[in-house]
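Residue numbers (my numbering): 20 to 168. Structure, as C-alpha coordinates:
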(Lines of atoms letter the chains of each structure in order from A and count residues from 1; the text may use other names and numbers.)
(Lines give C-alpha, C1' and ligand atoms only; values in the text may rest on other atoms or scores of the structure.)
Protein backbone atom coordinates (compact mmCIF):
# COMPACT_ATOMS: atom_id res chain seq x y z
CA UNK A 1 0.00 0.00 0.00
CA UNK A 2 1.29 3.45 -0.92
CA UNK A 3 1.21 6.37 1.46
CA UNK A 4 -1.26 8.99 0.30
CA UNK A 5 0.32 12.39 -0.20
CA UNK A 6 -1.71 15.09 -1.94
CA UNK A 7 -0.03 17.16 -4.62
CA UNK A 8 -0.68 20.28 -2.56
CA UNK A 9 0.05 19.70 1.16
CA UNK A 10 -3.08 19.89 3.26
CA UNK A 11 -5.49 20.12 0.32
CA UNK A 12 -7.17 17.43 -1.73
CA UNK A 13 -8.67 18.25 -5.11
CA UNK A 14 -11.26 15.56 -5.73
CA UNK A 15 -13.45 14.88 -8.76
CA UNK A 16 -16.52 12.70 -8.38
CA UNK A 17 -18.87 11.59 -11.10
CA UNK A 18 -22.39 12.72 -10.36
CA UNK A 19 -25.75 11.61 -11.69
CA UNK A 20 -27.22 11.73 -15.16
CA UNK A 21 -30.22 13.89 -14.35
CA UNK A 22 -33.04 12.44 -16.44
CA UNK A 23 -35.12 10.94 -13.62
CA UNK A 24 -35.49 10.82 -9.85
CA UNK A 25 -32.67 9.61 -7.63
CA UNK A 26 -32.71 6.01 -6.49
CA UNK A 27 -31.12 3.86 -3.78
CA UNK A 28 -27.96 3.42 -5.89
CA UNK A 29 -27.40 7.18 -5.84
CA UNK A 30 -27.99 7.28 -2.10
CA UNK A 31 -25.56 4.43 -1.45
CA UNK A 32 -22.85 5.91 -3.66
CA UNK A 33 -22.97 9.47 -2.37
CA UNK A 34 -23.44 8.58 1.31
CA UNK A 35 -20.31 6.40 1.01
CA UNK A 36 -18.36 9.20 -0.68
CA UNK A 37 -19.58 11.59 2.00
CA UNK A 38 -18.22 9.33 4.74
CA UNK A 39 -14.81 9.28 3.03
CA UNK A 40 -15.00 13.06 2.57
CA UNK A 41 -15.75 13.58 6.28
CA UNK A 42 -12.95 11.25 7.38
CA UNK A 43 -10.42 13.04 5.20
CA UNK A 44 -11.63 16.42 6.45
CA UNK A 45 -12.25 15.80 10.14
CA UNK A 46 -9.85 12.96 11.00
CA UNK A 47 -6.92 13.77 8.71
CA UNK A 48 -7.57 17.54 8.62
CA UNK A 49 -7.44 17.92 4.85
CA UNK A 50 -9.06 20.83 3.09
CA UNK A 51 -11.28 19.21 0.44
CA UNK A 52 -12.12 20.83 -2.88
CA UNK A 53 -14.73 18.52 -4.36
CA UNK A 54 -16.04 18.90 -7.89
CA UNK A 55 -18.98 16.76 -8.94
CA UNK A 56 -19.77 16.19 -12.59
CA UNK A 57 -23.42 16.41 -13.59
CA UNK A 58 -24.43 14.82 -16.88
CA UNK A 59 -27.16 17.23 -17.89
CA UNK A 60 -27.29 16.30 -21.56
CA UNK A 61 -27.30 12.81 -23.04
CA UNK A 62 -29.58 10.46 -24.97
CA UNK A 63 -31.83 9.67 -22.00
CA UNK A 64 -32.39 13.36 -21.25
CA UNK A 65 -32.99 14.23 -24.90
CA UNK A 66 -35.42 11.33 -25.34
CA UNK A 67 -37.35 12.36 -22.24
CA UNK A 68 -37.47 16.00 -23.34
CA UNK A 69 -38.85 14.97 -26.74
CA UNK A 70 -41.43 12.71 -25.10
CA UNK A 71 -42.53 15.52 -22.75
CA UNK A 72 -42.20 18.26 -25.43
CA UNK A 73 -39.91 20.45 -23.33
CA UNK A 74 -36.36 21.73 -23.68
CA UNK A 75 -33.74 19.26 -22.42
CA UNK A 76 -32.53 21.76 -19.82
CA UNK A 77 -35.99 21.77 -18.20
CA UNK A 78 -35.61 18.03 -17.61
CA UNK A 79 -32.03 18.21 -16.40
CA UNK A 80 -32.52 21.24 -14.13
CA UNK A 81 -35.60 19.68 -12.52
CA UNK A 82 -33.85 16.40 -11.72
CA UNK A 83 -30.56 18.04 -10.76
CA UNK A 84 -32.37 20.11 -8.14
CA UNK A 85 -34.26 17.03 -6.99
CA UNK A 86 -30.93 15.17 -6.62
CA UNK A 87 -29.42 18.05 -4.62
CA UNK A 88 -32.49 18.13 -2.37
CA UNK A 89 -32.38 14.35 -1.88
CA UNK A 90 -28.70 14.43 -0.93
CA UNK A 91 -29.38 17.27 1.49
CA UNK A 92 -32.11 15.21 3.16
CA UNK A 93 -29.53 12.43 3.59
CA UNK A 94 -27.14 14.99 5.14
CA UNK A 95 -24.60 14.48 2.35
CA UNK A 96 -22.29 17.48 2.21
CA UNK A 97 -22.58 19.26 -1.14
CA UNK A 98 -19.53 19.46 -3.39
CA UNK A 99 -17.52 22.65 -3.58
CA UNK A 100 -18.67 23.05 -7.17
CA UNK A 101 -20.58 21.27 -9.90
CA UNK A 102 -19.35 20.75 -13.47
CA UNK A 103 -22.22 20.33 -15.90
CA UNK A 104 -21.51 18.57 -19.19
CA UNK A 105 -23.60 21.13 -21.13
CA UNK A 106 -21.28 23.91 -19.93
CA UNK A 107 -18.13 22.14 -21.19
CA UNK A 108 -19.07 20.74 -24.62
CA UNK A 109 -16.24 22.50 -26.57
CA UNK A 110 -13.65 21.25 -24.06
CA UNK A 111 -15.03 17.69 -24.29
CA UNK A 112 -15.01 17.77 -28.09
CA UNK A 113 -11.40 19.02 -28.12
CA UNK A 114 -10.36 16.30 -25.67
CA UNK A 115 -11.99 13.57 -27.77
CA UNK A 116 -10.37 14.98 -30.91
CA UNK A 117 -6.97 14.88 -29.19
CA UNK A 118 -7.54 11.21 -28.26
CA UNK A 119 -8.32 10.49 -31.93
CA UNK A 120 -5.38 12.57 -33.20
CA UNK A 121 -2.99 10.79 -30.82
CA UNK A 122 -4.29 7.34 -31.82
CA UNK A 123 -5.91 6.52 -28.47
CA UNK A 124 -9.41 6.52 -29.97
CA UNK A 125 -11.06 6.18 -33.35
CA UNK A 126 -14.35 7.30 -34.83
CA UNK A 127 -16.83 5.15 -36.74
CA UNK A 128 -19.08 6.10 -39.65
CA UNK A 129 -21.98 6.19 -37.17
CA UNK A 130 -20.25 9.05 -35.34
CA UNK A 131 -19.42 6.97 -32.27
CA UNK A 132 -15.90 7.16 -30.85
CA UNK A 133 -14.17 4.18 -29.24
CA UNK A 134 -10.91 3.73 -27.37
CA UNK A 135 -8.17 2.07 -29.43
CA UNK A 136 -7.12 -0.59 -26.93
CA UNK A 137 -4.19 -1.74 -29.09
CA UNK A 138 -2.61 1.67 -28.47
CA UNK A 139 -2.25 0.79 -24.80
CA UNK A 140 -0.04 -2.23 -25.48
CA UNK A 141 -0.33 -6.00 -25.14
CA UNK A 142 0.30 -6.18 -21.40
CA UNK A 143 -1.79 -3.18 -20.40
CA UNK A 144 -3.97 -3.93 -17.38
CA UNK A 145 -6.93 -2.20 -19.04
CA UNK A 146 -6.81 -4.31 -22.19
CA UNK A 147 -9.47 -6.90 -21.28
CA UNK A 148 -10.89 -7.37 -24.78
CA UNK A 149 -8.29 -9.75 -26.21
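In this text, a Cβ means the ideal position worked out from N, Cα and C, and glycines have one as well.
| Asked | Found |
| --- | --- |
| Terminal residues of the continuous alpha helix (DSSP H) containing residue 171? | A question about residue 171 goes unanswered here, because the residues of the chain that appear run from 20 up to 168. |
| How big is the Cα-Cα spacing for residue 112 and residue 147? | 45 Å |
| Please report the residue range of the beta strand (DSSP E) in which residue 145 lies. | 143–145 |
| Answer yes or no: do residue 35 and residue 62 have a C-beta to C-beta separation smaller than 8 Å? | no |
| In or out: residue 158 buried (at least 16 other Cβ within 10 Å) or exposed? | exposed |
| Going by the beta-carbon positions, is the gap between residue 84 and residue 40 smaller than 8 Å? | no |
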